[in-house]
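Engineer: The structure under discussion is supplied below as structure tokens; questions concerning it will follow.
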Amino acid sequence: ETGVTQTPRHLVMGMTNKKSLKCEQHLGHNAMYWYKQSAKKPLELMFVYSLEERVENNSVPSRFSPECPNSSHLFLHLHTLQPEDSALYLCASSQDRSPNTEAFFGQGTRLTVV
Amino acid sequence: SQKIEQNSEALNIQEGKTATLTCNYTNYSPAYLQWYRQDPGRGPVFLLLIRENEKEKRKERLKVTFDTTLKQSLFHITASQPADSATYLCALTGTTSGTYKYIFGTGTRLKVLA
């Protein structure tokens with residue numbers, strides 16, 4: 054285990070539903086990330102939080118809404134998603150945002166939008 | 014825009030041989046290059062990081078090279094074992110105009126045959 058826990062592991066939701074993904078780390082890290090991984094595509098960085106402040110939002114549609122209530126927890130709120138949003142959503146954390154720090158990933162949430 | 018190519022989508026090799034995976038990049042001068050391993054249904058796990066001024070880095074059976082002139086990194090697994098079968102991702106990290114960059118490739122799926 055990497056020390057980053059994501060729940061749920063699997064989620065099936067309708068296009069009109071509202072759901073949330075949860076990520077938790079107890080590594081004492083100051084930076085947390087949401088990534089989207091689709092088949093045959095590179096990991097896409099969605100959001101970056103540093104010291105609980107959102108520092109990057111990479112042109113992600115507003116139907117994805119992140120929340121970082123404290124340095125150990127990160128949420129991704131989902132509403133009115135589209136079938137093309139089906140993917141593996143990965144949370145990661147790192148000591149800080151320095152480019153020479155390794156990222157610790159959770160196991161991901163496999164999301165299916167029907 | 015920055016681009017990473019991992020030139021083989023899949024690679025099959027015989028147990029005991031050396032596996033060599035390639036990561037090429039364009040339109041970017043990263044300060045660091047990282048390699049991750051990802052097993053099916055799981056998040057990536059960090060393996061090695063190499064700096065732009067390092068030519069080579071080793072860790073047990075793993076070796077990474079970084080050629081900033083060719084804009085290429087090679088990742089070697091010596092004496093490969095079936096347990097090494099996984100997808101391997103390279104990631105470029107650095108800063109551009111004060112913005113942190115963390116760019117992943119699509120990965121190479123390695124299968125080591127017994």
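These protein sequences, in sequence, are chains A and U.
Residue numbers for the first sequence follow this note's numbering, beginning at 54 and rising by one.
Residue numbers for the second sequence follow this note's numbering, beginning at 14 and rising by one.
Beta carbons: idealized from backbone N, C-alpha and C, even for Gly.
This structure is a prediction, so every number in the text was calculated from the model and none was measured.
Under 8 Å, do Leu75(U) and Ile90(U) count as touching if we go by C-beta distance?
Structural biologist: Against the second sequence, residue 75(U) aligns to sequence position 62. Against the second sequence, residue 90(U) aligns to sequence position 77. It is a contact, given that the beta carbons lie within the stated cut-off.
Engineer: Whose C-beta lies closer than 7 Å to the C-beta of Gln160(A) among residues of the same chain, with five residues either side of it excluded?
Structural biologist: Counted from its first residue, the first sequence places residue 160(A) at position 107. Within the same chain, Gln160(A) has close Cβ partners Gln59 and Arg62.
Engineer: Under 7 Å Cβ-Cβ, which residues of chain A neighbour Gln47(U)?
Structural biologist: Position 34 of the second sequence holds residue 47(U). Near Gln47(U) (Cβ distances below 7 Å), the residues of chain A are Glu155.
Engineer: Excluding sequence positions up to five away, which residues of its chain have a Cβ less than 8 Å from the Cβ of Ala156(A)?
Structural biologist: Along the first sequence, one-based indexing puts residue 156(A) at 103. Once the five neighbours on either side are set aside, the close Cβ partners of Ala156(A) are Tyr86, Ala145, Ser146 and Ser147.
Engineer: What residues from the region 120-140 of chain A come within 7 Å of chain U, judged by C-beta to C-beta, listed N to C?
Structural biologist: Under the 7 Å Cβ criterion, the region 120-140 of chain A contributes no residue.
Engineer: What is the DSSP secondary structure of Pro95(U), counted as helix, strand or coil?
Structural biologist: For the purposes of this step, residue 95(U) is taken as the residue at position 82 of the second sequence. Pro95(U) falls in the helix class under three-state DSSP.
Engineer: Would you verify that the beta carbon of Leu62(U) is, or is not, closer than 8 Å to some beta carbon of chain A?
Structural biologist: Looking up residue 62(U) in the second sequence gives position 49. With 8 Å as the cut-off, Leu62(U) counts as an interface residue toward chain A.
Engineer: Contact defined as beta carbons within less than 8 Å: I believe Leu126(U) pairs with Tyr38(U). What is the distance between those atoms, to the nearest angstrom?
Structural biologist: Here residue 126(U) corresponds to residue number 113 of the second sequence, with the count starting at 1. Here residue 38(U) corresponds to residue number 25 of the second sequence, with the count starting at 1. About 30 Å separates the two Cβ atoms, so there is no contact after all.
Engineer: Can you list, in chain order, the stretches of the beta strand (DSSP E) that have 3 or more residues and sit fully within the region 19-46 of chain U?
Structural biologist: Qualifying beta strand (DSSP E) stretches, in chain order: 23-27 and 32-39.
Engineer: Count the other CB atoms within 10 Å of the CB of Lys89(A); is the residue buried (16 or more) or exposed (fewer)?
Structural biologist: Numbered from 1 along the first sequence, position 36 holds the residue referred to as residue 89(A). The residue in question, Lys89(A), is buried, as its Cβ has 16 or more Cβ neighbours within 10 Å.
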